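Here is the structure we will look at.
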Amino acid sequence: MALYPQLILDALSHVRYPGTGKDIVSSEMIEDNIRIDGNNVSFSIIFEKENDPFAKSLLKAAETSIKHYIADEGEINVAITPKFRVAAPKKDPDNPLPGVKNIIAISSGKGGVGKSTVSANLAVALAQAGYKVGLLDADIFGPSVPKMFGLEDARPILEDKNAEGRELIRPEEKYGVKMLSIGFFVNPKDAVLWRGGMASNALKQLITDANWGELDYFLLDLPPGTSDIHLTLVQTLALTGAIVVSTPQEVALADARKGIAMFTGEKVNVPIIGLVENMAWFTPAELPQNKYYLFGKEGCKRLAEEMNVPLLGQIPIVQSICECGDSGAPIALDTESMTGLAFASLAEKMVASVEEIKAKGIKTSRVITHK
Ligand code: ADP
Numbered sequence: 063m064a065l066y067p068q069l070i071l072d073a074l075s076h077v078r079y080p081g082t083g084k085d086i087v088s089s090e091m092i093e094d095n096i097r098i099d100g101n102n103v104s105f106s107i108i109f110e111k112e113n114d115p116f117a118k119s120l121l122k123a124a125e126t127s128i129k130h131y132i133a134d135e136g137e138i139n140v141a142i143t144p145k146f147r148v149a150a151p152k153k154d155p156d157n158p159l160p161g162v163k164n165i166i167a168i169s170s171g172k173g174g175v176g177k178s179t180v181s182a183n184l185a186v187a188l189a190q191a192g193y194k195v196g197l198l199d200a201d202i203f204g205p206s207v208p209k210m211f212g213l214e215d216a217r218p219i220l221e222d223k224n225a226e227g228r229e230l231i232r233p234e235e236k237y238g239v240k241m242l243s244i245g246f247f248v249n250p251k252d253a254v255l256w257r258g259g260m261a262s263n264a265l266k267q268l269i270t271d272a273n274w275g276e277l278d279y280f281l282l283d284l285p286p287g288t289s290d291i292h293l294t295l296v297q298t299l300a301l302t303g304a305i306v307v308s309t310p311q312e313v314a315l316a317d318a319r320k321g322i323a324m325f326t327g328e329k330v331n332v333p334i335i336g337l338v339e340n341m342a343w344f345t346p347a348e349l350p351q352n353k354y355y356l357f358g359k360e361g362c363k364r365l366a367e368e369m370n371v372p373l374l375g376q377i378p379i380v381q382s383i384c385e386c387g388d389s390g391a392p393i394a395l396d397t398e399s400m401t402g403l404a405f406a407s408l409a410e411k412m413v414a415s416v417e418e419i420k421a422k423g424i425k426t427s428r429v430i431t432h433k
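Number 120 in our numbering belongs to position 58 of the sequence shown; there are no gaps in the numbering.
This is how it looks when you write it as structure tokens:
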């Protein structure tokens, strides 16, 4: 008796797909292309998705079943091709964050100028404008994102294994912003003791071993100054550009200039999205029209002109910025307030500058992934 397709299907109906427990014939996993040539049988089994963990064992089981149930036909050669309805997204080995459209570093020449405050509020303002936003508190020596978002007690969990069998850290989410901070994992007091290499490795993990998913803007709140952490991040990720935060004070501007030079230098080569002048003037709550230029007037504006980079915004010193930072609800949530509007305008200018950089095709940073 010669082989014929129904005989093969009958043999295959004894094989169950472990994911559902149903047999693979009635589950319509056998493609309608069974070819028989003498004692050679070939056909395809269809899997819903690539990387199906059962694919390999199922092919073996199908072959065994045919040989077992059609034993009286002599030696049968079985060739089965797995087919996948949905191909797994192609992973670019050079891009650890394929779902992220723009990665933006936020840095400052020196500490205490409000870099974290600007990062947190910018993230919230972008989320308010409808963008998908991620925020990584990479300020390893003074992580302040947990406090600013009222997430001091958050302890991110690991998600189930992904298609590659890796467990991923699930970022916390608040006010529409996905975020991770080294402060979620270590006591901030201990973070100060970390050696550079350890800190860089921990940060890389928060970027590549976390499920950031799809993001329009991924903001990295970097430590102040220029350090090997900056270099590591720049070398791990294809940064879209960098934002430099400064106060108008001369000493801060001098450091901001160094920060800009680091990003635009040949080794790093990251475009500058713009400067943000924080603590631009003081406005007392009871006199909202008054401006007192405590740290000098328009220092960042001059620096922006000098370095030929956009000035994205000027944020005044306002008591509520500080209070909101401490209370875990960034001021940018209050879209009616003057300060909320200032951050909304900052977000808008940032988006425009990013688009301009991309339109000009300015080369973004080189990507070197060290694993
Ligand atoms: P950095 O990240 O540069 O070290 P932070 O964002 O932590 O600085 O800010 C330092 C302190 O200054 C914080 O207490 C913060 O609340 C406060 N601060 C920052 N910007 C403003 C501002 N525009 N008005 C009032 N307080 C501010």
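Where is the CB? At the ideal position from N, CA and C, for every residue including glycine. Since this is a predicted model, take the numbers as computed values, not measurements.
Q: Return the residue from the list 413, 332 and 75 that minimises the CA-CA distance to residue 90.
A: The shortest C-alpha separation from residue 90 is found at 75.
Q) What are the complete alpha helix (DSSP H) segments, minimum 4 residues, inside the stretch 343-374? A) Counting whole runs of 4 or more residues, the stretch 343-374 contains the alpha helix (DSSP H) stretches 361-369.
Q) Three-state secondary structure (DSSP) at residue 413? A) Three-state result, residue 413: helix.
**Q.** Residues of its chain near residue 346, where Cβ-Cβ distance is below 7 Å and the 5 sequence neighbours each way are ignored
**A.** The residues are 352.
Q. How many whole angstroms separate the CB atoms of residue 286 and residue 343, which I take to be in contact at a CB cut-off of 8 Å?
A. Not really, about 22 Å apart at Cβ, beyond 8 Å.
Q: Along the beta strand (DSSP E) that carries residue 234, what are the first and last residues, could you check?
A: Counting along the chain, the beta strand (DSSP E) containing residue 234 begins and ends at 234-236.
Q.
So, for residue 369: in the same chain, excluding its five sequence neighbours on each side, which residues have a beta-carbon less than 6 Å away from its beta-carbon?
A. Excluding positions up to five away in sequence, the list reads 322.
**Q.** the stretch 128-137 touching the stretch 259-273, judged by at least three CB pairs closer than 8 Å
**A.** Not touching, per the Cβ criterion.
Q. Would DSSP call residue 436 helix, strand or coil?
A. Residue 436 cannot be examined here, being either before or after the span of the chain that is shown, 63 to 433.
(Q) As a quick exercise: from 263, 103, 280 and 372, pick the residue whose alpha carbon is nearest that of residue 202. (A) With respect to the C-alpha of residue 202, the residue from 263, 103, 280 and 372 having the closest C-alpha is 263.
Q: Verify whether the separation of the beta carbon atoms of residue 206 and residue 314 is less than 9 Å.
A: Contact: no.
Q. Is residue 39 near the ligand ADP, going by C-beta to nearest heavy atom under 8 Å?
A. Residue coverage of the chain in this structure runs from 63 to 433, which leaves residue 39 outside it and unanswerable.
**Q.** For residue 336: DSSP bridge partner residues
**A.** According to the DSSP secondary-structure assignment, residue 336 is paired through a beta bridge with 305.
Q: Classify residue 406 as helix, strand or coil using the three-state DSSP reduction.
A: Helix, per DSSP.
Q. Between residue 400 and the rest of its own chain, which residues show a CB-CB distance below 7 Å, the 5 nearest in sequence each way excluded?
A. 350.
Q | Backbone CA spacing between residue 416 and residue 78 [nearest angstrom] | A | The C-alpha of residue 78 is placed about 52 Å away from the C-alpha of residue 416.
Q.
Give me, in chain order, the residues of the same chain whose beta-carbon lies closer than 8 Å to that of residue 220; leave out the 5 immediate sequence neighbours on both sides.
A. Taking C-beta separations shorter than 8 Å and ignoring five residues to either side along the sequence, the partners of residue 220 in its chain run 229, 230, 231 and 232, following chain order.
Q. Can you tell me the Cα-Cα spacing of residue 281 and residue 198, whole angstroms?
A. As the crow flies, the alpha-carbon of residue 281 is around 6 Å from that of residue 198.
Q | Residue nearest to residue 105 in terms of C-alpha spacing, selected from 239, 97 and 148 | A | Checked all of 239, 97 and 148; the closest Cα to residue 105 is 97.
Q. When you compare only the Cα positions, how much space is there between residue 261 and residue 289?
A. Their Cα atoms are separated by approximately 11 Å.
Q.
Does the distance between the C-beta of residue 241 and the nearest non-hydrogen atom of the ligand ADP fall short of 8 Å?
A. No, the Cβ of residue 241 stays beyond 8 Å of every heavy atom of the ligand ADP.
Q. According to DSSP, is residue 68 helix, strand or coil?
A. Residue state, collapsed to three classes: helix.
Q. Should residue 328 be labelled buried (16 or more other beta-carbon atoms within 10 Å of its own) or exposed?
A. Taking a 10 Å sphere around the C-beta of residue 328, we find fewer than 16 other C-beta atoms and assign the residue as exposed.
Q: Go through its chain and collect everything with a Cβ distance to residue 143's Cβ below 8 Å, but skip five positions before and after it.
A: The beta carbon of residue 143 is closer than 8 Å to those of 104, 105, 106 and 107 in its chain, skipping five residues each way along the sequence.
(Q) On the CB-based measure, 16 or more other CB atoms within 10 Å of its CB, does residue 494 come out buried or exposed? (A) Since the displayed the chain opens at 63 and closes at 433, residue 494 lies outside it and no answer follows.
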